[in-house]
Amino acid sequence: MEKIVEQGRLYDFYGELLTDHQKRVYEAAVYEDLSLSEIAEREGISRQGVHDLLRRVTNTLKSYEDRLHMIARFDRISASLGELKQTVPADADRRIFGIIERIEEDLQ
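So for the sequence shown, the working numbering puts the first residue at 290; every next one is plus one.
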C-alpha cells in the first residue's frame, strides 16, 4: 500500500513531465490496476515493453524528486503550517489566520 501511495505522489508532482504514452501506461498500471497483459493489449506493445516502460517511468519520477525535492519541500511546509496553526493563539489577529488559510489553499 505504501508503494502505491508513493507512486501516486510522485505522479501527482511530476507526471506532467512525462509523455502522453508514458502517462497512459503508468495510469493504467497504478490507478486502474490493469495487468501487464491488459496494458500491452490496449497499447499495442509487448508485456515486456510495458514492464520496461513502467520501470523506466518509476525511475524517472524518483530521479525528479531526488533532484528537485518538491515532495520533501511540500511535506516540510505542510508540517510547519500545522505547527504554526497550533502555536497561534485562538484570539490572534484574524489576518494571521487568513494568511494561514491562503497558504493551506495554495498547498492543495
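From the three backbone atoms N, C-alpha and C, an ideal C-beta is built for every residue, glycine too.
Beta-carbon to beta-carbon, G304 and K292 are separated by about 16 Å, too far to satisfy the 8 Å threshold. Around E354, the same chain offers L299, F302, Y303, I360, A361 as residues with beta carbons nearer than 8 Å, after the five sequence neighbours per side are excluded. Between I389 and K374, the CB-CB gap stays under 7 Å.
In this structure L343 is in contact with A318, their Cβ atoms being roughly 6 Å apart against a cut-off of 8 Å. About 6 Å separates the beta carbon of E332 from that of V314, a gap short enough to meet the 8 Å contact definition. Across the structure, E316 and L370 are spaced so that their CA atoms are roughly 31 Å apart. Counting along the chain, S324 sits inside no alpha helix (DSSP H), nor does DSSP assign it H or E at all. For the 7 Å CB-CB criterion, L325 and R336 form a contact.
Annotated three-state conformation of T349 is helix, per DSSP.
Put simply, the backbone Cα of R384 is about 23 Å away from that of F363.
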